Structure formats: C-alpha cells, structure tokens
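Numbering (the working numbering), first residue to last: 105 to 257.
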C-alpha cells in the first residue's frame, strides 16, 4: 500500500497534504512515506522468514538519515561503499555487525575505520584489496569477515 494518494485532486503523503508541506518547507523538497518504506521492507524481508539472512539497505540508493534509520529500526542492515556511508549507517542505528562494506576502491583509511567499527562483512573485489584488508586488520589485532566476489573469466 502506497503512502501517497490523491484526495479530491490533491496529493497526500500519508495523511499530510503535499501542498501544505511545500508551503511549510519550500520547494523543491524530498518527501518520503515511512509507511511505504515499512511496507516495502516487511514484504521483502518476509520472503526470507526462517532463513539465516540479513536484508541490507543500499545506502548509495538514498543516504537520507531518516530513511536509513527507518530501515535500521525494522532490523535491516546496510550495504555501504565508503567511510561516509559507514558513518551514516552507524549514526542511523544500524548495528555494525549488520553492515556490509562493498564496492571497488576501498582505501586503507576506510578499511581501518570499518574494521575499528567491527563492520560485519567486507565484499572483496581483488587480491590487492584482500592483502590491504589483511594488513589493516592484522595491525589492529582484529579479524575481518570477507566474501570474495569472483569473476569466472
């Protein structure tokens, strides 16, 4: 069920007139429906009920703190591709062990921050990245959980 509906020709976000929002906050603005986010998440996550699975929100899709916090409150993890996204996910309440650090080009500084935060998983893209993460984690006396992304070519 969408949180956006027309009533008598006026658009509403849940029970709030979008026109009233525009008059209050000015335009342009972004408007999200918490109800729609919750419904989409619970519908999707329910498909994995009974399985050992973590649904992660891709922070790069929308880094709005309130959106990330909505998903975190529902139990979602976060898929991040930078230290900035890592910090946003943690600040929004995503538990560190539910954060997946993905993407190419992770710097040693970013790896260090993620290892220190006890990031749940690193998606490794290359042998040099694996060696760099091993060096960083070893220097901190920690172990990093990894997943290897493999290209069969």
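We treat Cβ as the ideally placed atom computed from N, Cα and C, and that holds for glycine. Since we're looking at a predicted model, the values are computed, not measured.
Taking 8 Å as the cut-off, the beta carbon of residue 229 is found closer than this to the beta carbon of residue 208. Residue burial annotation: residue 174 is buried, with at least 16 other C-beta atoms found within 10 angstroms of its C-beta. Inclusion of residue 184 and residue 171 in the CB contact set at 8 Å is not warranted, their separation being larger than that value.
Straight across, the Cα-Cα distance linking residue 235 with residue 176 is about 31 Å. By the CB criterion at 8 Å, residue 114 and residue 106 fall outside the cutoff. Look at the segment 195–246 and you find these whole runs of alpha helix (DSSP H), each 4 residues long or longer: 212–220, 231–244.
Around the beta carbon of residue 246, fewer than 16 other beta carbons lie within 10 angstroms, which makes this residue exposed. With 16 or more neighbouring CB atoms inside 10 Å of its own CB, residue 181 falls in the buried class.
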